[in-house]
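Here the structure comes first, spelled out in structure tokens, and everything after it is commentary.
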Amino acid sequence: MKVRTRFAPSPTGYVHIGNIRAALFPYLLAKQNAGKFILRIEDTDQNRFVADAEAVLIDTLKWLGLEWDEGPDIGGPYAPYRQTERRDHYIKWAEKLIKKGLAYADPYTPEEVDAFRKESEKSKKPFLYRNYRPENPPKWQIGLPLRFKQTKIERKYWHDAIMGDLEAGAETLDDFILIKADGLPTYNFAHIVDDAEMKCTHVTRGIEYLSSMANYLALYDALELKPPIFVHMPHIMAPSGNKKLGKRDGAKSVQEYRAEGYLPEAMLNFLVMLGWNDGTTTDIFSLADMTAKFDLTRVQRAGARFDEKRLLWLNGQWIRRLDLAKLFSYVRDFWGPTAKSTSESRKMEVLEAVQERLKTLADLPALTEYFFAPPQIDLAMITEHKSLKNLTRPQLITMLEVSILKLETLARVSGTSDSPLLPMSGHWNTESLQAALNDLLADTARKPAELFSLLRIAVSFAPFSPELPRTFAVLGPDETISRLKKVMAALAETPNA
RNA sequence: GGUCCCAUCGUCUAGCGGUUAGGACAUCAGGUUCUCAUCCUGAAAACCCGGGUUCGAUUCCCGGUGGGAUCACCA
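In our numbering, each residue's number is its place in the first sequence (first place is 1) plus 2.
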């Protein structure tokens, strides 16, 4: 079977986490079978039209790496891929139904239908429009809704690739609207027509559509269409409470996660694990991995809670396992102001030094700003440090002095010039610096907690930084020594506390 | 309320009649020449309840309970 799947979102401008999974599953199904993945825009609701929504959607999908083979932007054999551009298709199929006596015009106003609804509710019976079906409906024309006429009121049975064997009672069958008064089709009608014309083999969507399945089955039958494979995905639930994850529960859009420094790899990995596993204890999956391993029969039937802590963990995992060039391309817009005028190669070095410490890309400025600009000297960070507060000024100054001498010797051996633009060479590297620092430990007879704390704070004045040899190596000999000297001078200038 | 679906640590899950019920996130306690992060080690933590089938049920069946979804000229 030639697999053809689709992602068919409504362009609302807000790309929900659930939307991504609704795109990922069909993407995986198509790709693992060398099939086609289609993007179709379901824009039949004029009231919810948002101007840039489609562009946002396309941008987000591309960012995630979920590329489609056919779509509104690239065309394809079954174009157009926007529902508003397919009106004539729906009308054609609707006329077929009318001809067969399986569709009719709804002569009532929304208010009148609502009155019927109230009446039913009053008598504690569920409202079914078909109980109010007009005897002699007018000839259908745009301006009137067109309804489907249910003729076989019976229990329906079907199979779902995730949910298994399902059924629904005849009470769920009703004369639903196929085409609205504005002439545009409802989702209920349009998706079936489009899926058929676009030869989609799978219908993937959330389980909220399960309760409409009986109606869809009846429509496939009336249209004389062979139903596709049904794939209903359980909901992603809000972190607290038991409800579908929604905007009003503070659910962030994918764009927001992107802006907060989350990687597409982490988002996809997180989403695919939410309700699916490959049966092993593997929990890190690249898009290629999940494409190879994904299996609908292993998808969970219950809803899964969205756990942002797990997403954060995965983000860290992915930041660490990405190769530097790739990570570098991702952080382009995350550098802090001090990095502005710095060369790309220099930024690359700094990034490499902090890669292991990043949890999100948004952590980058705080973690790197002192590499690009000298930090504000704050002696309190030294004098109040838990390992340093019991040392006297002269002791601190001596430690710095001895360290500076040692590092100057190393710098001379390295033959580095005063220009920070020249690449570091020779002996000023993490290995030699590690050795030099070990020597200093012996020379000063200080504990690592004392000497290293002092040096680390003196060059960074930051709450955290990479390991000392690494920090010195990236800073370069001139900058390292210059910063140590400034701190030494500052300690000498101010009176002892 | 009608209809439909679901049910293992706090969370995501493995399990497909016999297991010390496994893993991961989170939490807590240690370890790694400085901080933060990583990494390593360890701890605590679960089969919703009641029947039935069976020599034996977390697993199969039924019922309850709980949770979810849906009942639009939205998708």
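Quick reminder that beta carbons are idealized off the backbone N, C-alpha and C, glycines included.
Remember, it's a predicted structure, so these values are computed and weren't measured experimentally.
Taking 8 Å as the limit between beta carbons, can you name the residues of its chain near alanine 494, skipping five residues before and five after? Walking along the first sequence from the start, residue 494 turns up at place 492. Leaving aside the five residues that flank alanine 494 on each side, the residues in its chain whose CB is nearer than 8 Å to its CB run, in chain order, Arg395, Ile399.
The beta strand (DSSP E) spanning glycine 166 covers which residue range? Taking the first sequence and counting its residues from 1, one reaches residue 166 at position 164. Segment 166 to 170, the beta strand (DSSP E) holding glycine 166.
Per DSSP, proline 140 is paired with what? Looking up residue 140 in the first sequence gives position 138. DSSP, once it has assigned bridges, lists no residue as partnering proline 140.
How close, in whole Å, do the beta carbons of isoleucine 459 and glutamate 410 come, if the pair is a contact with beta carbons under 8 Å? As a first step, residue 459 must be located in the first sequence, where it is residue number 457. As a first step, residue 410 must be located in the first sequence, where it is residue number 408. A Cβ-Cβ separation of about 20 Å leaves isoleucine 459 out of contact with glutamate 410 under the 8 Å criterion.
Inspect the CB distances between the region 197 to 205 and the region 43 to 51 and report whether three or more fall short of 8 Å. Touching, no.
Local conformation of histidine 387 per DSSP, three classes: Locating residue 387 in the first sequence gives position 385, counting from the first residue. In the three-state reduction of the DSSP assignment, histidine 387 falls in the coil class.
Alpha helix (DSSP H) containing methionine 3: first to last residue? For the purposes of this step, residue 3 is taken as the residue at position 1 of the first sequence. For methionine 3, there is no enclosing alpha helix (DSSP H), since its DSSP letter is neither H nor E.
Let's test the definition: count the other Cβ atoms within 10 Å of the Cβ of tyrosine 159 and tell me whether it reaches 16, buried, or not, exposed. Start at 1 with the first residue of the first sequence, and residue 159 comes out as number 157. So tyrosine 159 counts as exposed.
Relative to the C-alpha of phenylalanine 39, which residue among Thr293, Val274, Phe454, Gly166 is closest? Here residue 39 is taken as the residue at index 37 of the first sequence, counted from 1. When only C-alpha atoms are compared, the closest one is Thr293.
Starting from the C-beta of glutamate 169, find all residues in its chain whose C-beta is less than 7 Å away, skip the five residues before and the five after it, and write them out in chain order. For the purposes of this step, residue 169 is identified with residue 167 of the first sequence, where counting begins at 1. Excluding positions up to five away in sequence, the list reads Arg157, Lys158, Tyr159.
At a cut-off of 7 Å, is proline 377 close to the ligand NAD when judged by its beta-carbon and the heavy atoms of the ligand? You won't find the ligand NAD in this model; it holds no ligand whatsoever.
Output the distance between the C-alpha atoms of glutamate 97 and proline 13, rounded to the nearest integer angstrom. Within the first sequence, the letter at position 95 stands for residue 97. Within the first sequence, the letter at position 11 stands for residue 13. Between the C-alpha atoms of glutamate 97 and proline 13 there is a straight-line separation of about 28 Å.
In DSSP terms, what tryptophan 278 is bridged to: On the first sequence, position 276 is the one that residue 278 refers to. DSSP lists Val301 as partners of tryptophan 278.
Please determine, among Val256, Arg300, Leu146, Met165, the residue with the shortest C-alpha to C-alpha distance to isoleucine 181. Start at 1 with the first residue of the first sequence, and residue 181 comes out as number 179. For isoleucine 181, the nearest C-alpha among the options comes from Leu146.
Which of helix, strand or coil DSSP assigns to threonine 174: Reading the first sequence from its first residue, position 172 is the one you call residue 174. Reduced to three states, the DSSP call for threonine 174 is helix.
If you draw a straight line from the alpha carbon of glutamate 262 to that of aspartate 176, how long is it in whole angstroms? Along the first sequence, one-based indexing puts residue 262 at 260. Along the first sequence, one-based indexing puts residue 176 at 174. Answer to the nearest angstrom: the Cα atoms are 46 Å apart.
Kindly identify the DSSP beta-bridge partner or partners of lysine 38. Within the first sequence, residue 38 is the residue found at index 36, counting from 1. Paired residues: Arg6.
Nearest residue (CA-CA) to arginine 88, options Ile209, Glu113, Glu69, Ala192: Indexing the first sequence from 1 puts residue 88 at position 86. Here the closest residue by C-alpha is Ala192.
Beta bridge counterpart(s) of isoleucine 181 as assigned by DSSP: On the first sequence, residue 181 is found 179 positions in, with the first residue counted as 1. Bridge partners of isoleucine 181: Leu148, Pro187.
Kindly identify the DSSP beta-bridge partner or partners of tyrosine 110. As a first step, residue 110 must be located in the first sequence, where it is residue number 108. In the DSSP output, where bridge partners are listed per residue, tyrosine 110 has none listed.
For tryptophan 160, write down the residues that DSSP places opposite it in a beta bridge. Sequence index remark: in the first sequence, residue 160 carries index 158 (1-based). Leu168.
For phenylalanine 330, I'd like the list of residues in its chain whose CB is within less than 7 Å of its CB, leaving aside the five on either flank, ordered along the chain. In the first sequence, counting from the first residue as 1, residue 330 sits at position 328. The residues are Met350, Leu353.
From glycine 73 to tryptophan 430, what distance separates their C-alpha atoms? Stepping through the first sequence from its first residue, residue 73 is reached at position 71. Stepping through the first sequence from its first residue, residue 430 is reached at position 428. Their Cα atoms are separated by approximately 54 Å.
Mark serine 125 as exposed unless 16 or more other C-beta atoms lie within 10 angstroms of its C-beta, in which case mark it buried. Start at 1 with the first residue of the first sequence, and residue 125 comes out as number 123. With fewer than 16 other Cβ atoms within 10 Å, it is exposed.
Helix, strand or coil for arginine 1? Go by DSSP, reduced to three states. Nothing in the structure corresponds to residue 1, since the chain is present only between 3 and 499.
For leucine 477 and valine 461, what's the separation of their Cα atoms in angstroms? Counting from one through the first sequence, the residue named residue 477 turns up at place 475. Counting from one through the first sequence, the residue named residue 461 turns up at place 459. Cα-Cα distance, rounded: 9 Å.
Quick one: using the 10 Å Cβ neighbour count with 16 as the cut-off for buried, is glutamate 173 buried or exposed? One-based indexing of the first sequence puts residue 173 at position 171. Glutamate 173 should be labelled exposed.
Distance, phenylalanine 287 Cα to aspartate 280 Cα: In the first sequence, the residue the question calls residue 280 occupies position 278. In the first sequence, the residue the question calls residue 287 occupies position 285. Each residue's alpha carbon lies about 10 Å from the other.
Is the beta carbon of proline 236 closer than 8 Å to that of arginine 135? Here residue 135 is taken as the residue at index 133 of the first sequence, counted from 1. Here residue 236 is taken as the residue at index 234 of the first sequence, counted from 1. It is not a contact, given that the beta carbons lie outside the stated cut-off.
From the DSSP output, which residues share a beta bridge with histidine 204? Within the first sequence, numbered from 1, the residue matching residue 204 stands at position 202. In DSSP, histidine 204 forms a bridge with Ile231.
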